[in-house]
Structures are given as structure tokens and as C-alpha cells.
Amino acid sequence: MQSSDTASRSQVNLIASIFNSLQTMLNKTETDLAGKVFTFNVTDVTPNQWYVNLKSTPAKCAQGSLKDATPDVEFMMDSDTLVLIFNGKLKPSTAFVTGKMKFTGNFESALQMEKLVEMLTNP
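Every letter in the sequence shown is one number past the one before it in UniProt numbering, and letter 74, counting from 1, is 74.
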């Protein structure tokens, strides 16, 4: 049985690999999300903040708080939900409707999270 710290570290590593993969895809692929900035606050792990900055050139995905831009959308969810979404097993809209994910910011931009997910699930 994993300790809570070990499980948390494992989730953080998994989340980091998701954002690393997303960074790789953004480096290789044109996207119509240019100019968008998304932040992700993961409620059950530390560190708990990641961001996708498509205003910067090149685009940047990283762990930490966003310092050089204002997010269009800030998503809040637990680590399991984030992993399910970015593995294509849970649609962001379903996560929102069922209360597994919350967001603040621009609604239309929030809907575009699906495009980030598609970059990983349908490369």
C-alpha cells in the first residue's frame, strides 16, 4: 500500500508528464488557441499549479504560478480528474457539469480546453 506522500508524488509526476507531452505537441503543431492562457489548480497535490501560456512565443507549459500573463481561464480540479481529462477518459464538459471541475474566467475560452486535450489524445 502506497503512503499518501508517495501517492501524491506519483500523481505530481503523472501531471508533470502530461504537461511535458502537451509542451512537445505545442512545439510541433499549429493551434488556433494562440493568445489563450490557461491555469490549472490541482486541489489535492503539492505543487498544485500548472499553466499553458499560448500568448508567449514559443508557447509554454510549466509547473508554477503564471507571472507574465493574465489567464483567460483558471481551472480547479483534483489530480484524478485532470489525469482522466488529459487521457481522454473524461470530457471537460462532463467534468464541469458533474462538479468535478470548476473554472473562473471566460466561458468560451473554457470550452476550448477540449482542443488542448485533443492535442494529446488525437495527435
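Where is the CB? At the ideal position from N, CA and C, for every residue including glycine. Everything numeric in this text was worked out from a predicted model, so none of it was measured.
Taking 9 Å as the threshold (C-beta atoms), are residue j and residue i in contact?
| i | j | result |
| --- | --- | --- |
| M119 | P92 | no |
| G105 | D72 | yes |
| K115 | D32 | yes |
| A69 | V37 | yes |
Could you pull the DSSP bridge partners for residue i from this structure?
| i | result |
| --- | --- |
| S64 | The sequence shown places Gly at residue 64, rather than the Ser named in the question. Answer is none; G64 lacks a bridge partner. |
| F75 | F40 and F103 |
| N53 | V37 and K60 |
Report the option in the options whose CA atom is closest to the CA atom of residue i.
| i | options | result |
| --- | --- | --- |
| A95 | S21, V83 and K60 | V83 |
| C61 | E74, V45 and T39 | T39 |
| G35 | T24, F19, N122 and A59 | A59 |
| T121 | V97, F107, I85 and E108 | I85 |
| D78 | L66, S65, T46 and D5 | T46 |
| W50 | D80, F19 and V97 | F19 |
| M25 | V12, K67 and L54 | L54 |
| V117 | G88, K67 and N27 | G88 |
| N27 | S8, T57 and S65 | T57 |
Could you give the C-beta distance for residue i and residue j, rounded to a whole number, given that I count them as a contact under 8 Å?
| i | j | result |
| --- | --- | --- |
| L90 | V52 | Incorrect: roughly 18 Å between the Cβ atoms, too far for contact. |
| Q63 | A110 | Contact doesn't hold; Cβ gap of about 21 Å is too wide. |
| E74 | N48 | At roughly 12 Å, the Cβ-Cβ gap does not stay under 8 Å, so E74 and N48 are not in contact. |
| M76 | T43 | 6 Å |
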